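Trainee:
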Amino acid sequence: MVKNIEFYEAKALELIKNNKGILQSELWKRLGLDSREGSRIVLRLERKGVIKREGVIVNGRRTYKLYYIGSSEAKKVRILVDLSSILDLPCSTCQFLSQCGPHGVYSPYTCKLIEDWVLRHSSISGRGG
Ligand code: SF4
């Protein structure tokens, strides 16, 4: 088992980046790893989305060439959240917020402002009755 997997991942990524289309067996050799350890590193990098493997035939044997396809930063998923429905949430400007809670002096369960807000947004989304 590879002891310092992060070290080998970084080293493998550097080699893949600097050698466009490196054979995975060549990568393992240059890292000093056996095929099992090398495959593990390659699969981890592929799962992170920073490399891709392409099947090739070399000397009559099927193997893979490895290509760098981008940094993990570039592959991060962007999640867009629409906050428009909570922009007018009465709690955000409420002077009683610090005293409000299920067992507080003020409660969202009995608050008329929250009730009105919920009803207003329920009718906007078409889910209200
Ligand atoms: S639930 Fe009502 S009282 Fe409580 S913080 Fe929100 S607006 Fe204020």
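Residue 5 is where the sequence shown starts when you use the numbering used here, and the numbers rise one by one after that.
Note that the Cβ used here is the ideal one computed from N, Cα and C, for glycine as well.
Predicted model only: the values in this text are computed from it and were never measured.
Do Y68 and R57 count as a contact pair if the criterion is CB distance below 8 Å?
Mentor: If you number the sequence shown from 1, residue 57 lands on position 53. If you number the sequence shown from 1, residue 68 lands on position 64. Yes; because the gap between Cβ atoms is below 8 Å, this pair is in contact.
Trainee: Between L91 and ligand 1, is there a pair consisting of the residue's CB and a ligand heavy atom that are separated by less than 7 Å?
Mentor: Against the sequence shown, residue 91 aligns to sequence position 87. False, no ligand heavy atom lies under 7 Å from that Cβ.
Trainee: Under 8 Å Cβ to Cβ from R48, same chain only, skipping five residues before and after it: list those, please.
Mentor: In the sequence shown, the residue the question calls residue 48 occupies position 44. Only I9 and E13 meet the Cβ criterion.
Trainee: Note down the Cα distance separating D92 from Q99, rounded to an integer number of angstroms.
Mentor: Mapped onto the sequence shown, residue 92 falls at position 88. Mapped onto the sequence shown, residue 99 falls at position 95. Whole-angstrom Cα-Cα distance: 15 Å.
Trainee: Would you tell me roughly how many angstroms separate the C-alpha atoms of E41 and G108, rounded to the nearest one?
Mentor: For this step, residue 41 is matched to residue 37 along the sequence shown. For this step, residue 108 is matched to residue 104 along the sequence shown. Distance between the alpha carbons of E41 and G108: 58 Å.
Trainee: By DSSP's criteria, T67 is part of a beta bridge. Which residues make up the other side?
Mentor: To locate residue 67, count along the sequence shown from 1; it is residue 63. DSSP output for T67 lists V60 as bridge partner(s).
Trainee: Starting from the Cα of G25, find the closest Cα among L37, V62, R44 and K52 and give me that residue.
Mentor: Stepping through the sequence shown from its first residue, residue 25 is reached at position 21. Out of L37, V62, R44 and K52, V62 has the C-alpha closest to the C-alpha of G25.
Trainee: For L27, does the three-state DSSP call read helix, strand or coil?
Mentor: Counting from 1 along the sequence shown, the entry for residue 27 is found at position 23. L27: strand per DSSP, three-state reduction.
Trainee: Helix, strand or coil for I45 per DSSP?
Mentor: Here the question's residue 45 lines up with position 41 in the sequence shown. If DSSP states are grouped into helix, strand and coil, I45 belongs with the helices.
Trainee: Compare the C-alpha of S29 against each of R66, F11 and C104 and name the closest.
Mentor: For the purposes of this step, residue 29 is taken as residue 25 along the sequence shown, with counting starting at 1. Measuring from the Cα of S29, the nearest candidate turns out to be R66.
Trainee: Go ahead and label V54 buried or exposed: buried means 16 or more other beta carbons lie within 10 angstroms of its beta carbon, across all protein chains shown.
Mentor: As a first step, residue 54 is located in the sequence shown; it is residue number 50 there, counting from the start. Buried, because 16 or more other Cβ atoms sit within 10 Å of the Cβ of V54.
Trainee: How many Å lie between C95 and I83 at the Cα?
Mentor: In the sequence shown, the residue the question calls residue 95 occupies position 91. In the sequence shown, the residue the question calls residue 83 occupies position 79. Straight-line Cα distance between these residues: approximately 25 Å.
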